[in-house]
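Novice:
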Amino acid sequence: MTTLAATIAATIADREAEIREAWFEQIEALAGRMELPHLAQSLRAEAADFLVAFIGALRSGESDLQDDGLAVVLRKAAEISAARARDGFTPSETAAFVMSLKDALLPVVIAAYRTAPAELGEAITGANRMVDALAVETFASYTRTREEIIERQSRSILDLSTPTLRIWNGILLMPLVGIIDTQRAQQVMEAMLTAITREEARVAILDVTGVPVIDTRVCLHLTRTVAAARLLGARVVVTGISPDAAQTLVKLDVDLSGMITRGSLRAGLAEALRLIGSSVGALVREAS
Amino acid sequence: MCDRQVEKTIRLQEDIIGARQAGRDLARAAGFGTVDQTRIATAISELVRNALLHAGGGLCRIAVETTEASATLQVTVSDDGPGIPDIALAMQPGHSTTRGLGLGLSAVRSLMGGLSIESRPGRTTVVTSMTRRR
Ligand SMILES: Nc1ncnc2c1ncn2[C@@H]1O[C@H](COP(=O)(O)OP(=O)(O)OP(=O)(O)O)[C@@H](O)[C@H]1O
Ligand SMILES: [Mg+2]
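Those protein sequences? They're chains A and B, same order as listed.
FYI, this note's numbering numbers position 233 of the first sequence as 233, with every residue one higher than the one before it.
In this note's numbering, each residue carries its 1-based index in the second sequence increased by 1000.
Given below as C-alpha cells:
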C-alpha cells in the first residue's frame, strides 16, 4: 500500500467531526425522501456508531482499511444492514444509506486536498473504493438477513396459536397449518384435548389442508392425538388430505386404519354429524 | 450432465422446510407431476429429519439431470454423525432407535423407488433418486 493511501486515510480520520455532520445531513435528507422521518434518529445513531468503527479502522491501519480494521468495519456494516432488513428497508434504501456516506465523505476529501490537486484524484478514488466495498458487504449481509427472516417467518406463521373452534354442539374443528414438528405437535395435542374436555366434545375434526408435507413424523403425531382423544371418549376425523398427499401416504405404510379420514372438510363435518347423530340415537334408545 | 443442483445445510428444524421446498421446486422445474413432487418433498423430509435427529445435522444436495428421454432427480443427504451400525436393520419398517415409527427409510425407498446407504462412524451418505420419462 502506498504512503499516499496512508495519508488519505489519515486525512479522512482527522476530519471525523466534519464527516459526521455532513453524513447526518445526508441521512436527514434520505429519511425525508423515504418518508420515514421518525427513523432519522436511529439512523443517525447507527451512522455515528459506524463512523467511529470506520475512523478507528483508518487510524489503526497503516493504510486504507486493511485486514483487522476492515473486518471490524465490515462487521459493523453487516450489523447495520441486518437492522435495516429487519426494519423492512428495501435493498436500494439500505444501499442508499451506505452510499450517503460517500456524499458526506467526498466534499470533505475534496476540501482537504484543495491545496494538493496532484493527489486529489487518488484521494477521491480511494474514498470511493472504501465506500463501495462497504456497500457491497452491506448488500450481501442484507440479503442474508432477509433470507433468514423469511425462513423464520414461515416458521412463526406456523407457530401461531392453534385455535380450536366449536362448530356444532359436541363437534370441534382444529385447522392445522404449516409444519408439525414435535414441539408443535405437543401444542396441538394439548390444545385439542383441553378443548375436548372443556366443550364435552364427542368429535374433533382435525383439518390438515394447511400442512405442506405429511411425513412419517406427522403421521406419528396424528395417530397419537387420535389415540389420546379416544381416551377422553372423543373420535377424531382427519380432513383435508390432498389427492397428492393420499398417494404419498399409501407409500409410507403407516397404519392409519384406526383413523377416520375424509377428503374435504365438508365430508368430515357430515361424518362428524353422523357420529353424533348415531350416538344420540343410541342414547335415546338406551333411555327408552 | 448436471443441469441444476441445490445444496442445503441442515442444522435446524426450519432447514427441513427449506430443503423440501427446494426439492419440490426443482422437481416442478424438471417436469415432475404434482404427485411425484409431493413424494419427493416427503422423501427429502424423511432424510433430512434423520440427519438432524440421528446425527445432529448434515448436508442435503438435490441435483437434476435431464436427457432427451428422461429427467432424474437425485437427493443426497450426508452427515458426520455416529453412523448406522446395521443398515439392513435400519431399513426394516418399524425399526427405530428413537421411538419414532421407524418407517422413514422404508418410506423413502418406496416413495422414490430406490435407496442406497453408505455408513461408517463419522460419515453417513444416503442417496435416492426418481426418474421420469419425457
Ligand atoms: N443419518 C443417520 N445417522 C444415524 N442413524 C440413522 C440415520 N438415519 C437413520 N438412522 C437410524 O435408522 C433408524 C431408522 O430410521 P427411520 O427413518 O426408518 O426411522 P426413525 O427416524 O427412527 O423414525 P421415523 O419413522 O420418524 O422416521 C433410526 O431410528 C436410526 O437409528
Ligand atoms: Mg426417520
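All C-beta atoms in this analysis are idealised placements derived from N, C-alpha and C, irrespective of residue type, glycine included.
Determine the DSSP secondary structure at residue 175(A), reduced to helix, strand or coil.
Specialist: Counted from its first residue, the first sequence places residue 175(A) at position 175. DSSP places residue 175(A) in strand when its eight states are reduced to three.
Novice: Is residue 1056(B) close to chain A, meaning its C-beta is less than 8 Å from at least one C-beta of that chain?
Specialist: In the second sequence, the residue the question calls residue 1056(B) occupies position 56. No - not a single Cβ of chain A is within 8 Å of the one on residue 1056(B).
Novice: Kindly indicate which three-state DSSP category residue 1107(B) falls into: helix, strand or coil?
Specialist: By one-based count along the second sequence, residue 1107(B) stands at place 107. The answer is helix: DSSP assigns residue 1107(B) an H, G or I state.
Novice: Between 265(A), 222(A), 267(A) and 232(A), which has its C-alpha nearest residue 257(A)'s C-alpha?
Specialist: By one-based count along the first sequence, residue 257(A) stands at place 257. It is 222(A) whose Cα lies nearest to the Cα of residue 257(A).
Novice: How about residue 76(A) and residue 1107(B): do their beta carbons lie closer than 8 Å?
Specialist: Sequence index remark: in the first sequence, residue 76(A) carries index 76 (1-based). Sequence index remark: in the second sequence, residue 1107(B) carries index 107 (1-based). Not closer than 8 Å, so no.
Novice: Classify residue 198(A): buried if its beta carbon has 16 or more other beta carbons within 10 angstroms, exposed otherwise.
Specialist: Within the first sequence, residue 198(A) is the residue found at index 198, counting from 1. Exposed, since its Cβ has fewer than 16 Cβ neighbours within 10 Å.
Novice: Compute the Euclidean distance between the alpha carbons of residue 62(A) and residue 1059(B), then round it to the nearest angstrom.
Specialist: Position 62 of the first sequence, counted from the first residue, corresponds to residue 62(A). Position 59 of the second sequence, counted from the first residue, corresponds to residue 1059(B). Residue placement at residue 62(A) is flagged as unreliable, the pLDDT there being 44, under the threshold of 50; the coordinate-derived value follows with that caveat. Each residue's alpha carbon lies about 42 Å from the other.
Novice: Compare the C-beta of residue 49(A) with all C-beta atoms of chain B and state if any pair is closer than 8 Å.
Specialist: Working through the first sequence from its first residue, we reach residue 49(A) at position 49. So no, residue 49(A) is outside the interface.
Novice: For residue 33(A), does the three-state DSSP call read helix, strand or coil?
Specialist: What you label residue 33(A) is simply residue 33 of the first sequence in a count that begins at 1. Three-state DSSP puts residue 33(A) in a helix.
Novice: Could you tell me whether the Cβ of residue 1046(B) comes closer than 8 Å to any Cβ of chain A?
Specialist: Counting from 1 along the second sequence, the entry for residue 1046(B) is found at position 46. By this cut-off, residue 1046(B) is an interface position.
Novice: Suppose you measure from the CA of residue 13(A) to the CA of residue 20(A); what does that come to, to the nearest Å?
Specialist: Sequence index remark: in the first sequence, residue 13(A) carries index 13 (1-based). Sequence index remark: in the first sequence, residue 20(A) carries index 20 (1-based). So the two alpha carbons sit approximately 11 Å from each other.
Novice: Using a Cβ-Cβ cutoff of 7 Å, what residues of the stretch 237-265 of chain A are near chain B? List them in chain order.
Specialist: Within the stretch 237-265 of chain A, the qualifying residues are 244, 245, 247, 248, 251, 252, 253 and 254.
Novice: Can you have a look at residue 1098(B) and say buried or exposed, based on whether 16 or more other CB atoms are within 10 angstroms of its CB?
Specialist: What you label residue 1098(B) is simply residue 98 of the second sequence in a count that begins at 1. Exposed is the call here.
Novice: Taking the CB atoms as reference points, tell me whether residue 1031(B) and residue 1133(B) lie closer together than 8 Å.
Specialist: Position 31 of the second sequence, counting from 1, holds the residue named residue 1031(B). Position 133 of the second sequence, counting from 1, holds the residue named residue 1133(B). No, they are not a contact pair.
Novice: What do you reckon, is the C-beta of residue 1020(B) under 7 Å from a heavy atom of ligand 2?
Specialist: Residue numbering aside, residue 1020(B) sits at position 20 when the second sequence is read from its first letter. No.
Novice: Assign residue 1010(B) to one of three DSSP states: helix, strand, or coil.
Specialist: Sequence index remark: in the second sequence, residue 1010(B) carries index 10 (1-based). If DSSP states are grouped into helix, strand and coil, residue 1010(B) belongs with the strands.
Novice: Can you tell which of 190(A), 230(A) and 238(A) has the C-alpha that lies nearest to the C-alpha of residue 210(A)?
Specialist: Against the first sequence, residue 210(A) aligns to sequence position 210. When each option's Cα is compared against that of residue 210(A), the closest is 238(A).
Novice: Identify the continuous alpha helix (DSSP H) that holds residue 105(A) and give its terminal residues.
Specialist: Start at 1 with the first residue of the first sequence, and residue 105(A) comes out as number 105. Note, residue 105(A): alpha helix (DSSP H), 91-112.
Novice: In chain order, what residues of the same chain lie with their CB nearer than 6 Å to the CB of residue 168(A), ignoring the 5 residues before and after it?
Specialist: As a working note, residue 168(A) is residue 168 in the first sequence. Closer than 6 Å at the Cβ level, and outside the excluded window around residue 168(A), lies no residue.
Novice: Residue 52(A) to residue 40(A), Cα distance in whole Å?
Specialist: The residue labelled residue 52(A) in the question sits at position 52 within the first sequence. The residue labelled residue 40(A) in the question sits at position 40 within the first sequence. Answer to the nearest angstrom: the Cα atoms are 18 Å apart.
Novice: Just checking: is the beta-carbon of residue 207(A) within a distance shorter than 8 Å of some beta-carbon in chain B?
Specialist: Within the first sequence, numbered from 1, the residue matching residue 207(A) stands at position 207. Not closer than 8 Å to any Cβ of chain B, the Cβ of residue 207(A) fails to qualify, so no.
Novice: Closer than 8 Å by beta-carbon distance: list the chain B residues that pair up with residue 216(A), in chain order.
Specialist: The residue given as residue 216(A) occupies position 216 in the first sequence. Here the neighbours are 1046, 1100, 1101, 1103, 1104 and 1107.
Novice: Quick check on the contact list: which residues have their beta carbon closer than 5 Å to a heavy atom of ligand 2?
Specialist: Listed by chain position, these are 1050(B) and 1104(B).
Novice: For residue 176(A), go through chain B and note every residue whose CB falls closer than 9 Å to its CB, in chain order.
Specialist: Reading the first sequence from its first residue, position 176 is the one you call residue 176(A). Residues of chain B passing the Cβ test: none, with the nearest at roughly 15 Å.
Novice: In chain B, which residues lie less than 7 Å from residue 289(A) when you measure between Cβ atoms?
Specialist: The shown model of chain A, from 1 to 288, leaves out residue 289(A), and the question about it has no answer.
Novice: Could you check whether the Cβ of residue 1046(B) sits closer than 7 Å to any heavy atom belonging to ligand 4?
Specialist: Ligand 4 is not part of the structure shown, which contains ligand 1 and ligand 2 as its ligands.
Novice: Is the CB-CB distance between residue 1094(B) and residue 1055(B) below 8 Å?
Specialist: For the purposes of this step, residue 1094(B) is taken as residue 94 along the second sequence, with counting starting at 1. For the purposes of this step, residue 1055(B) is taken as residue 55 along the second sequence, with counting starting at 1. No. Outside cutoff.
Novice: With a threshold of 7 Å, establish whether the CB of residue 1095(B) neighbours any heavy atom of ligand 1.
Specialist: Here residue 1095(B) refers to the residue found at position 95 when the second sequence is read from its first residue. Because some heavy atom of ligand 1 lies under 7 Å away, the Cβ of residue 1095(B) counts as near it: yes.
Novice: Considering only the beta carbon of each residue, do residue 259(A) and residue 207(A) sit closer than 8 Å?
Specialist: Locating residue 259(A) in the first sequence gives position 259, counting from the first residue. Locating residue 207(A) in the first sequence gives position 207, counting from the first residue. No; because the gap between Cβ atoms is not below 8 Å, this pair is not in contact.
Novice: Output the distance between the C-alpha atoms of residue 16(A) and residue 44(A), rounded to the nearest integer angstrom.
Specialist: One-based indexing of the first sequence puts residue 16(A) at position 16. One-based indexing of the first sequence puts residue 44(A) at position 44. Cα to Cα, the separation comes out at about 14 Å.
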